[in-house]
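In what follows, a single structure is set out as structure tokens and then discussed.
2 protein chains.
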Amino acid sequence: MVELDFEKTNGLIPVIAQDYKTNEVLMLAYMNKEAWEKTLETGKATYWSRSRNKLWLKGETSGNFQIVKEIFVDCDLDTVLLKVEQIGEAACHEGYKSCFFRKISEGDIKIIGEKIFDPKEKYGDKNE
Amino acid sequence: MVELDFEKTNGLIPVIAQDYKTNEVLMLAYMNKEAWEKTLETGKATYWSRSRNKLWLKGETSGNFQIVKEIFVDCDLDTVLLKVEQIGEAACHEGYKSCFFRKISEGDIKIIGEKIFDPKEKYGDKNE
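So the sequences go chain by chain: L and Y.
Using the numbering used here, you'd call the opening residue of the first sequence number 340 and step up by one each time.
Using the numbering used here, you'd call the opening residue of the second sequence number 340 and step up by one each time.
See the structure below:
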């Protein structure tokens, strides 16, 4: 069993989700030990929601699950990289494929991502 | 000017460095406001070293600078994605191209990355 270093960062480690086909970085979220074990066990990305303070199966509201294809760990064992199949084509709760849909250029911020869904239609008043 | 949310995470935000040509994820490090501004100003990735507790120009010891090609921010403005040109072909202080040189498979951990340099030759007793 692989032991990650959850202690260094107060129990939560950053996890990068990357599209397994295109290598596009989709999002960054956090896992505690329970979320990590759940992800290994189920093959679906499960994070720790810092805003809701609870375990968060990505896609539980939207249906946009992340099917884990490959798992990598970094040299310090305190960051995880998941290569995933993003169900529904969009990882971001704002409806974009990637959470990194804005680019900084000459001090300005510009939307460059493609919107896949309308968050209001998907979540109503809830937020994933 | 783009204002990132440094408050949420005690002054440090995670930054993903990705190879601008291949989209390989090279590493994850952290920036405080000063490191962020330095990166914007110089065009070279500058992080905050949590172990040494000081500003860290990536490559200052190894010569393996990261030339910033594109900058993206996420939906919450608390994570940065840098597309970089990795000088020296290796981002990891252990000599691998990517810090994510180990893959988890069936509970085991396996080195899959290619070693580009020998850390002892590069750093001597120092560590970047």
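All C-beta atoms in this analysis are idealised placements derived from N, C-alpha and C, irrespective of residue type, glycine included.
Only a predicted model underlies this, so the values are computations on that prediction, with no experimental measurement involved.
- Within chain L, the C-beta atoms nearer than 7 Å to that of P353 of chain Y come from P353, L367, in chain order.
- Interface annotation, E428 of chain Y: not in contact with chain L, CB-CB separation never under 8 Å.
- L421 of chain L has a beta carbon lying at 8 Å or more from every beta carbon in chain Y.
- K347 of chain L sits away from D413 of chain L, with the two beta carbons spaced by 8 Å or more.
- T348 of chain L sits in coil when the DSSP states are folded into three classes, being neither helix nor strand.
- In the three-state DSSP reduction, Y359 of chain Y falls in the coil class, being neither helix nor strand.
- When the Cα atoms are used, V341 of chain L and D415 of chain L turn out to be separated by approximately 12 Å.
- Three or more Cβ pairs drawn from the stretch 423-442 of chain L and the stretch 363-371 of chain L lie within less than 8 Å of each other, which places the two stretches in contact.
- The continuous stretches of alpha helix (DSSP H) do not include T385 of chain Y, which lies in the beta strand (DSSP E) extending over residues 385-388.
- When DSSP states are grouped into helix, strand and coil, E399 of chain L belongs to the coil group.
- Between the stretch 450-460 of chain Y and the stretch 420-428 of chain L, the count of C-beta pairs closer than 8 Å stays below three; the two stretches do not touch.
- With contacts defined as CB atoms closer than 8 Å, K393 of chain Y and A384 of chain Y fail to qualify as a contacting pair.
- Looking at the backbone, the Cα of G402 of chain Y and that of T361 of chain L are separated by about 30 Å.
- For V423 of chain L against Y369 of chain L, the beta-carbon gap comes to about 16 Å, at or over 8 Å, which does not count as contact.
- L420 of chain L has its alpha-carbon roughly 8 Å from the corresponding atom of E409 of chain L.
- Looking at the DSSP output, Y369 of chain L sits in a beta bridge with L:P353.
- Cβ contact annotation for F404 of chain L (same chain, cutoff 6 Å, sequence separation greater than five): K383, G398, I426, in chain order.
- Leaving aside the five residues that flank G446 of chain L on each side, none in its chain has a CB nearer than 6 Å to its CB.
- DSSP places K461 of chain L within a helical segment (H, G or I) once states are collapsed to three.
- Counting along the chain, no beta strand (DSSP E) covers L343 of chain L, and no H or E run does either.
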